[in-house]
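Below: one structure, written as structure tokens.
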Amino acid sequence: MEYNGKKILVVGAARSGLAAARFLLDSGAHVTLTDTKTFAALETVVEPLLESLIHRKNLVLELGGHRDDAFRNCDLVVVSPGVPLSLEFFETSRKAGIPVIAEVELAYRHLKGKIIGITGSNGKTTTTTLVERLLTGAGLRGHAAGNIGTPLISLVPESTEEDIYAVELSSFQLEAIDQFRPFIASMLNITPDHMDRYGRFEDYGAAKQRVFRNQKDSDFAVLNGDDMATAALAARVQARPIIFSRLKNAGFGAFIRNERVIYRDENGETELFPVSAIKLVGAHNLENVLAACAMAILAGAAPESFEESVRRFEAVEHRIEWVSEIEGVRYYNDSKATNIDAAIKALEAFPRNILLIAGGRDKAGDFTVLRPLVRERVKHLVLIGEAAEKIRKALGETVDMTEASSMQDAVQTCKRIAQPGDVVLLAPACASFDMFQDYEVRGRVFKNAVRSLRH
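Reading the sequence shown from the start, the letters are residues 3 to 457 in the working numbering.
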């Protein structure tokens, strides 16, 4: 579609929506940008981006709610990832024959270069970031974009055929793709998440699997051989399956043998580096590294530089991030553990003596599945947020619990109880929106509270 003179509705005025609006305005479109939030609410999140757009010619800004006729009187609707496609407004557009697409779909239609699409319930940001580091470490033009924080559409103007984009994709983004076709697509894992939005696990899984829907047999599907649901996709995808596994040696792909990371393809095996080179904590992060190595090699990176890149790679912020050691107690921030499976992965990273801070806004999760690990590894549980009572009831007498009124209170409670050798772990198993703007703010508040213990 040529955008010059077209009327385009952009729904959602956060980073992705603002980037899409800028691209479309630069392309000559008449853009209406709509959001249910008020200007004041948005200003605190995206103030510089929003301020730079509001005086643009051909932009209409509609905040504090959506107008039904805006969805009827346009040529195209572009949706930000946080906006549910189940809204009746989108049905208005569809009935009028107006296409409804995601920001990543818009970007795909204009981006030069190659796309690696990375999805899964957990590990997306770590893996996407590492793929970019492996590519650039090998001398290629690698970029990280998508749900990681940099909207893909913002990279379109400077894109070249030599660029390779590692794109983190949420289920929300994948719901509204049409032609989007990554030449490498990966499903890292699939466990229940966002049940408050999807209702059924099958619907959530179907949204994730859309990353493979347009691939051809010349493309690659990188799948977790240790995750039953993703491994089963190998027989169903049209692309060539490439397997990564930390538990077994499974065909073409990346695996572990004798504490070495190995990659195998039709040309044979290549030893990449020792497992000891990986600084990230937790078995799940070993899977993320295997996946990233497989994708980088498939994208054309020479693996000779991988060991140096992996040795230099440390935890992404808010993902089992080491914060401090105070009086022999180690503090870790895993605020990105916004679902139960992510919290399980965090608990599995530490053998015992954990003081766990959990709670927040429930996403319709089943907290009873935490019982075995909590019983085995957690010495005290500090609960915060709206889900505190639900978690307390789900875990029963499994562990001693304390309810805290704030993150600062939670950290102070842990300090009083902790002994040298213990681990204080923020792994909420919940969303953050009851108490914080997002999981990043939650993590930073935790880190500040920990650092204040030194004063």
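Heads up, the beta-carbon is just placed ideally off N, CA and C, and yes, glycines get one too.
**Asked** So what does Asn335 bridge to, in DSSP terms?
**Response** Glu323 and Leu428
**Item:** Where Lys347 falls, given that 16 or more other Cβ within 10 Å makes a residue buried
**Value:** buried
**Prompt:** Can you pull the DSSP bridge partners for Phe458?
**Reply:** Here the chain comprises residues numbered 3 to 457, so residue 458 is not present and cannot be evaluated.
**Request:** Give the straight-line distance between the Cα atoms of Val12 and Gly330, rounded to the nearest whole angstrom.
**Result:** 51 Å
**Prompt:** How about Leu357 and Ala420: do their beta carbons lie closer than 8 Å?
**Reply:** yes
**Message:** For the pair the region 84-92 and the region 13-23, tell me if three or more CB-CB distances fall below 8 Å.
**Reply:** yes
**Prompt:** Does the count of Cβ pairs from the region 164-178 and the region 101-115 closer than 8 Å reach three?
**Reply:** yes
**Item:** Burial state of Asn249, where buried means 16 or more other Cβ atoms lie within 10 Å
**Value:** A small correction: the amino acid at residue 249 is Leu; Asn does not occupy that position in the sequence shown. Exposed, because fewer than 16 other Cβ atoms sit within 10 Å of the Cβ of Leu249.
**Prompt:** Which partner residues does Asp165 have in the DSSP bridge list?
**Reply:** Arg143
**Item:** Distance between Arg377 and Lys39 (C-alpha atoms, nearest Å)
**Value:** 42 Å
**Request:** Measure the Cβ-Cβ separation of Leu154 and Val106 and say whether it is below 8 Å.
**Result:** yes
**Request:** Starting from Ile393, follow the alpha helix (DSSP H) in both directions and report where the run begins and ends.
**Result:** Ala390 to Leu397
**Asked** Can you tell me the Cα-Cα spacing of His145 and Arg69, whole angstroms?
**Response** 37 Å
**Met189 versus Phe369 - alpha carbon distance** = 24 Å
**Beta-ladder partner(s) of Arg259, from DSSP** = Arg262
**Request:** Determine the extent of the beta strand (DSSP E) in which Gly119 is found, giving its start and end residues.
**Result:** Lys116 to Thr121
**Request:** Evaluate Ser88 with the Cβ neighbour count: other Cβ atoms within 10 Å of its Cβ, from every protein chain shown; 16 or more gives buried, anything less gives exposed.
**Result:** exposed
**Message:** For Ile2, report the span of its alpha helix (DSSP H) as first-last.
**Reply:** Within the shown structure, residues of the chain are numbered from 3 to 457, placing residue 2 beyond reach of any answer.
**Item:** DSSP-derived helix/strand/coil call for Asp28
**Value:** helix
**Request:** Can you give me the Cβ contacts of Ala2 inside the same chain, cut-off strictly under 6 Å, excluding the 5 residues immediately before and after it?
**Result:** Any property of residue 2 remains undetermined from this structure, which presents the chain solely from 3 to 457.
**Prompt:** For Ala433, which residues of its own chain have a beta-carbon under 7 Å away from its beta-carbon, when the five flanking residues on both sides are left out?
**Reply:** Thr340, Gly362, Arg363 and Lys365
**Prompt:** Thinking C-alpha only, which one of Lys392, Arg96, Arg354 and Ala396 is nearest Val371?
**Reply:** Ala396
**Request:** Compute the Euclidean distance between the alpha carbons of Ser278 and Gly284, then round it to the nearest angstrom.
**Result:** 12 Å
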